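I have placed the structure first, in the form of structure tokens, so that the comments after it can refer back to it.
Chains as they are written, first to last, in our numbering: chain A, 1 to 209; chain B, 210 to 418.
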């Protein structure tokens, strides 16, 4: 299975060389994110792609000063909806009607989702949205690695700081993860030749048969 | 990119035919889960693979009676750690020392993680662990689809019910998602020929350049 080779190839790159990634390869990563499954298909997140050197520098300052934030080619910021709202849910179904035509069953499902989400606390809805972003985040990591692009899955940053730099609050978004994409700087990355550590399968899997 | 074809091929299968998936294909999915990246490499989740028909039936009863839970070949239950504890963090580093040898930098990182996690509320740690499980969940969906196996990403179930059926509480785990894997029952699945709906990229992506 090609996926397994891809996963074995990748590692959490700690130093990048500043080289630019071709646009079509970035587009392929974004398309994988777009196609990622999410709960009820709501896709409750956005991805902000940062290449502006000044903005990268500001984000680095709130991201434990990690050099990859600046030395990557494209910095992907995954930001989840801060809440599921009526207008967001309705907008999704309007898009569906546009693509599939009106369907009463789907419209009932819309009403069910409105009932399910709009009465819940925003914090609970945000946590749920964040989880969906993580599905796409994982698939983006695969999409980069399949193209033999390096990437660094990152949670080690100050979300409020990133939200402020990118004005995410006013867009109803909260940053959840960063994914710098680019090319490894082999000479300066102590991680490059370190063997991947994973638990033996006996510790991760159990069977009920 | 093969991943994009894989993602276009898959859909949230709503009816399966009960046919058994070959063991090596299941093993490949589990290996993809094992290789999935997680925060600090802690892999804070387990996956329980259910093939026992009686147990599947019980889980179906707490999963909105969805037939795929019973008619799949293998039911994968993703369960996150209910908390990050000292013994869990130390066990991870013991595994690392076994695989890589002792490294002072890593031991300092272990101490940093103990300081970071063990003082936080269990609920916060669980939410973090659940997000890591979602990375692996997304990659498992890709792993199934790459082998042209059908799968149904599911959140629509009662987690407390599943936890009780599988005795997860006493193992310090909480179920977060289900992934029935098997073969579609084309004649009975209304979703099989429905076009995939995704937001146009303008709604998901923005650029800071």
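Even glycine gets a Cβ: it sits at the ideal position worked out from N, Cα and C. Source: prediction; values computed, not measured.
Rounded straight-line distance, which links the Cα of residue j to that of residue i
{"i": "residue 280/B", "j": "residue 41/A", "result": "23 Å"}
{"i": "residue 160/A", "j": "residue 103/A", "result": "40 Å"}
{"i": "residue 150/A", "j": "residue 266/B", "result": "43 Å"}
{"i": "residue 329/B", "j": "residue 154/A", "result": "20 Å"}
{"i": "residue 371/B", "j": "residue 190/A", "result": "43 Å"}
{"i": "residue 307/B", "j": "residue 244/B", "result": "18 Å"}
{"i": "residue 259/B", "j": "residue 210/B", "result": "33 Å"}
{"i": "residue 95/A", "j": "residue 128/A", "result": "21 Å"}
{"i": "residue 183/A", "j": "residue 148/A", "result": "9 Å"}
{"i": "residue 205/A", "j": "residue 216/B", "result": "25 Å"}
{"i": "residue 201/A", "j": "residue 240/B", "result": "8 Å"}
{"i": "residue 417/B", "j": "residue 321/B", "result": "34 Å"}
{"i": "residue 137/A", "j": "residue 89/A", "result": "22 Å"}
{"i": "residue 194/A", "j": "residue 13/A", "result": "11 Å"}
{"i": "residue 33/A", "j": "residue 139/A", "result": "7 Å"}
{"i": "residue 3/A", "j": "residue 310/B", "result": "28 Å"}
{"i": "residue 192/A", "j": "residue 66/A", "result": "16 Å"}
{"i": "residue 405/B", "j": "residue 214/B", "result": "13 Å"}
{"i": "residue 412/B", "j": "residue 300/B", "result": "43 Å"}
{"i": "residue 172/A", "j": "residue 381/B", "result": "34 Å"}
Environment of residue i [buried if 16+ CB atoms lie within 10 Å]
{"i": "residue 210/A", "result": "Because chain A spans 1 through 209 in this model, residue 210/A falls outside it and cannot be assessed."}
{"i": "residue 365/B", "result": "exposed"}
{"i": "residue 53/A", "result": "exposed"}
{"i": "residue 253/B", "result": "buried"}
{"i": "residue 170/A", "result": "exposed"}
{"i": "residue 316/B", "result": "exposed"}
{"i": "residue 28/A", "result": "buried"}
{"i": "residue 314/B", "result": "exposed"}
{"i": "residue 146/A", "result": "buried"}
{"i": "residue 407/B", "result": "buried"}
{"i": "residue 187/A", "result": "exposed"}
{"i": "residue 291/A", "result": "Because residue 291/A is not part of the residues shown, which for chain A are 1 to 209, the question remains open."}
{"i": "residue 19/A", "result": "exposed"}
Where residue i sits in the DSSP three-state scheme
{"i": "residue 67/A", "result": "coil"}
{"i": "residue 138/A", "result": "helix"}
{"i": "residue 199/A", "result": "coil"}
{"i": "residue 6/A", "result": "helix"}
{"i": "residue 120/A", "result": "coil"}
{"i": "residue 392/B", "result": "coil"}
{"i": "residue 495/B", "result": "Summary: the structure shown does not reach residue 495/B, with chain B confined to residues 210 through 418, and so no result is reported for it."}
{"i": "residue 204/A", "result": "helix"}
{"i": "residue 264/B", "result": "helix"}
{"i": "residue 20/A", "result": "coil"}
{"i": "residue 210/B", "result": "coil"}
{"i": "residue 358/B", "result": "coil"}
{"i": "residue 178/A", "result": "strand"}
{"i": "residue 160/A", "result": "helix"}
{"i": "residue 15/A", "result": "coil"}
{"i": "residue 400/B", "result": "coil"}
Element boundaries [beta strand (DSSP E), containing residue i]
{"i": "residue 290/B", "result": "283–290"}
{"i": "residue 255/B", "result": "254–259"}
Cβ shell of residue i (< 7 Å), same chain only, five flanking positions each side left out
{"i": "residue 130/A", "result": "80 and 176"}
{"i": "residue 383/B", "result": "288, 289, 291, 335, 368, 372 and 377"}
{"i": "residue 77/A", "result": "47, 48, 50, 162, 166, 175 and 178"}
{"i": "residue 230/B", "result": "282, 283, 358, 390 and 391"}
{"i": "residue 122/A", "result": "82 and 83"}
Range of the contiguous alpha helix (DSSP H) that encloses residue i
{"i": "residue 234/B", "result": "232–244"}
{"i": "residue 87/A", "result": "86–100"}
Cβ-based neighbour list, residue i, same chain, cut-off 6 Å, excluding 5 preceding and 5 following
{"i": "residue 273/B", "result": "365"}
{"i": "residue 93/A", "result": "110"}
{"i": "residue 277/B", "result": "225, 361 and 389"}
{"i": "residue 394/B", "result": "224, 225 and 226"}
{"i": "residue 39/A", "result": "132"}
{"i": "residue 293/B", "result": "326 and 334"}
{"i": "residue 144/A", "result": "29, 151 and 181"}
{"i": "residue 235/B", "result": "283"}
Residues near residue i in its chain [Cβ-Cβ closer than 8 Å; skip 5 each side]
{"i": "residue 165/A", "result": "55, 58, 59 and 62"}
{"i": "residue 295/B", "result": "323 and 327"}
{"i": "residue 141/A", "result": "10, 151, 153 and 179"}
{"i": "residue 135/A", "result": "36, 37 and 38"}
Proximity test, residue i beta-carbon vs the ligand GTP heavy atom, cut-off 8 Å
{"i": "residue 185/A", "result": "The ligand GTP is absent from the structure shown, which contains no ligands of any kind."}
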